[in-house]
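See structure below.
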Amino acid sequence: MSAGHRRLDIEEAGDVTIAKFVDKKILDEGNIQVIGNQLFSLVEEEGRQKIVLDFSNVEYLSSAALGKLITMDKKVKAAKGKLRLCSVRPDIYEVFAITKLNKLFDMRENKEKALEGL
Amino acid sequence: MSNIEEFDVIIPSETSHGREVQEKIVASMEARGFSPRDVFGVRLALEEALVNAIKHGNKMDPEKTVHVWWQVDEEHVRVTIEDQGPGFDVSEVPDPTDEENLDKPGGRGIMLIRAFMSVVEYNETGNKLTLEKRSGADEDE
């Protein structure tokens with residue numbers, strides 16, 4: 001595992017990996033770096049292909065965090081995997097909508113819906 | 119009753135100091151009854167603007183500082199952030215929502231600032247940014 005505290009809670013549901021952000025605020029650059037590395041290792045080191053990112057704890061995130069999510073999306077696509085985002089609260093969803101990233105990411109209302117057909 | 123808070127600080131080029139300023143402004147807004155939605159938007163805009171000033175403006179140079187002054191009352195919050203970098207031409211920043219830019223990891227900060235603040239003004243050089251949020255402004259739209 002990457003250096004630093006674990007910033008993701010990992011849960012398995014069949015062949016799907018659910019990674020839930022621990023932090024309420026994903027702002028600090030060092031923290032974003034650690035989160036990015038932990039996300040990327042799911043694909044690059046552990047070879048997981050179906051990943052759901054659970055945002056239920058997340059109250060704030062910055063554009064730097066969006067950058068990591070975009071890179072994660074690219075890595076998952078390169079590995080022919082699937083990435084879904086779920087439980088994004090309305091304020092945060094607005095951030096995705098303003099930047100049109102709601103079109104780039106597959107976003108679902110909650111974990112159950114994210115697992116459907118994955 | 120007028121209950122204006124004014125502050126004027128000079129901070130080193132470190133994001134942790136930017137975040138302390140952000141927390142002070144947010145606390146001041148909350149104390150004056152701004153809605154959670156307003157607070158969310160201002161916090162996000164300040165995060166982006168301060169990180170831009172510190173990282174892109176001053177390039178984290180320990181010799182350089184960022185000057186922040188703000189005023190908060192029940193109706194608005196107004197924040198000016200000035201870095202000691204060379205500035206930039208805001209009109210040349212690519213649109214991150216263009217199809218060709220959509221999957222690029224950077225370039226969304228300024229867009230978010232514009233979306234969440236009522237007034238966003240850069241000086242001609244591009245090293246000084248003034249932001250204003252009117253309380254409840256979004257509800258009128």
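Chains A and B are the protein sequences, given in the same order. This note's numbering numbers the first residue of the first sequence as 1 and each following residue consecutively. This note's numbering numbers the first residue of the second sequence as 119 and each following residue consecutively. We put the beta carbon where it would ideally sit given N, CA and C, even for glycine. These figures come from a predicted structure and were not determined experimentally.
Once you ignore the five residues that flank B:F206 on each side, which residues in its own chain have a CB closer than 7 Å to its CB?
Result list for B:F206: G244, in chain order.
DSSP state of A:L118 mapped onto helix, strand, coil
In the structure shown, A:L118 sits in coil (DSSP, three-state: anything other than H, G, I, E or B).
Can you grab the Cα-Cα spacing for the pair A:V43 / B:A163, in whole Å?
Taken atom to atom, the span from the alpha-carbon of A:V43 to that of B:A163 is near 32 Å.
Using alpha carbons as the reference points, say which of B:T215, B:V197, B:R252, B:P212 lies closest to B:L168.
Measuring from the Cα of B:L168, the nearest candidate turns out to be B:V197.
DSSP-derived helix/strand/coil call for A:V76:
A:V76 falls in the helix class under three-state DSSP.
Could you check whether A:R84 and A:Q38 sit closer than 8 Å to each other, using their CB atoms as the reference points?
Result no, Cβ atoms of A:Q38 and A:R84 do not sit closer than 8 Å.
Against chain B: residues of the stretch 74-92 of chain A by CB proximity under 7 Å:
With the criterion set as a beta carbon lying under 7 Å from some beta carbon of chain B, the members of the stretch 74-92 of chain A are K74, D91, in sequence order.
Using beta-carbon positions only, say whether A:D73 and A:L104 come within less than 8 Å of one another.
Closer than 8 Å, so yes.
Chain-ordered chain A contacts of B:L220 [CB-CB under 8 Å]
Going along chain A in sequence order, the residues near B:L220 (Cβ under 8 Å) are K100, L101, K103, L104.
Do you know how far the Cα of A:G117 is from the Cα of B:K246?
Using only the alpha carbons, I get a separation of about 49 Å.
Can you pull the chain B residues whose beta carbon is under 7 Å from the beta carbon of A:E29, in chain order?
For A:E29, the chain B residues whose C-beta falls within less than 7 Å of its own C-beta are T133, listed in chain order.
Return the bridge partner residues of A:V16 from the DSSP annotation.
Bridge partners of A:V16 according to DSSP: A:A13, A:K50.
Kindly list the residues whose CB is nearer than 8 Å to the CB of B:V157, restricted to its own chain and excluding five residues on each side of it in sequence; keep chain order.
Counting only residues of its own chain and dropping the five nearest sequence neighbours on each side, B:V157 has a CB closer than 8 Å to the CB of V144, M147, E148.
For B:F206, decide whether its Cβ has a neighbour in chain A, counting only Cβ atoms nearer than 8 Å.
No, B:F206 lies away from the interface with chain A (no Cβ there is under 8 Å from its Cβ).
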